[in-house]
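Report on the following structure.
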Amino acid sequence: MRKKQPVIFTIVVKYFSFLKHIPLLAWIFDAFLKIYTQIFNPQIIAVIDNIEEKVSGWQGITTKLHKYGGVQFNYHGKEIAHIHSNGIADIILNKTLKNNILARGIAQEHHVFKKSGWVSFYINTLEDETNLLFILKEAYLLKKAKLKL
Numbered sequence: 055m056r057k058k059q060p061v062i063f064t065i066v067v068k069y070f071s072f073l074k075h076i077p078l079l080a081w082i083f084d085a086f087l088k089i090y091t092q093i094f095n096p097q098i099i100a101v102i103d104n105i106e107e108k109v110s111g112w113q114g115i116t117t118k119l120h121k122y123g124g125v126q127f128n129y130h131g132k133e134i135a136h137i138h139s140n141g142i143a144d145i146i147l148n149k150t151l152k153n154n155i156l157a158r159g160i161a162q163e164h165h166v167f168k169k170s171g172w173v174s175f176y177i178n179t180l181e182d183e184t185n186l187l188f189i190l191k192e193a194y195l196l197k198k199a200k201l202k203l
């Protein structure tokens, strides 16, 4: 099932992405996205909060503010994923795992880097938490195996 990108996010990424290089602007934009999302789609914020709580409890995982806003998940300092405040989660996988996830329809090509190992997952409902946790766990196990820590 293909989920649509939020319109505002699509326009900003397509036409105004150059603005991300202005210090703090991406974080300010993400803060407005979070306020908007909290008002009009509070279930998305609930899923983000639940995911952050669960994933940050995995061994070796730390969180920090992503450079373009939202929460970033690192395994021993290496990024495995981040979630923007409008519910778009970007997860790094290898090509094989990415193709498997895409074929199953769980996630989509990354909204910018289509030919990479990144996928995008759009949180729309409370039920999306299960699928997102599955993909995040796969990314975690992949990074854990790669780093052999």
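Residues in the sequence shown are numbered from 55 upward in steps of one, following the numbering used here. No residue lacks a Cβ here, since even glycine has one placed at the ideal position from N, Cα and C.
Residue j beta carbon less than 9 Å from that of residue i
i, j, result
"valine 101", "leucine 190", "no"
"histidine 138", "histidine 164", "no"
Best match in the options for proximity to residue i [C-alpha to C-alpha]
i, options, result
"isoleucine 89", "Leu187, Lys198, Gly141", "Gly141"
"threonine 150", "Glu181, Val173, His165, Ala143", "Val173"
"tryptophan 81", "Gly123, Phe127, Leu186", "Gly123"
"isoleucine 177", "Gly171, Lys169, Leu187", "Leu187"
"lysine 169", "Lys152, His138, Ala157, Lys68", "Lys152"
"lysine 68", "Pro77, Asn185, Val166", "Val166"
Beta bridge counterpart(s) of residue i as assigned by DSSP
i, result
"alanine 143", "Ile137, Phe175"
"glutamine 162", "Ser174"
"glutamine 126", "Lys118, His136"
Rounded Cβ spacing between residue i and residue j (contact assumed at less than 8 Å)
i, j, result
"glutamate 183", "asparagine 104", "6 Å"
"histidine 130", "leucine 203", "6 Å"
"alanine 193", "isoleucine 146", "6 Å"
"lysine 197", "lysine 132", "6 Å"
"asparagine 148", "glycine 171", "6 Å"
Residue i to residue j span [Cα, whole Å]
i, j, result
"alanine 85", "isoleucine 98", "14 Å"
"leucine 79", "valine 125", "16 Å"
"leucine 201", "glycine 114", "11 Å"
"isoleucine 134", "leucine 195", "10 Å"
"glutamate 106", "alanine 143", "12 Å"
"glutamine 92", "phenylalanine 72", "26 Å"
"asparagine 128", "histidine 75", "22 Å"
"asparagine 154", "glutamine 162", "11 Å"
"leucine 156", "proline 77", "34 Å"
"lysine 118", "arginine 158", "30 Å"
C-beta neighbour in chain C for residue i, strict 9 Å
i, result
"threonine 116", "Considering every chain present, this structure includes no chain C. It has just one protein chain."
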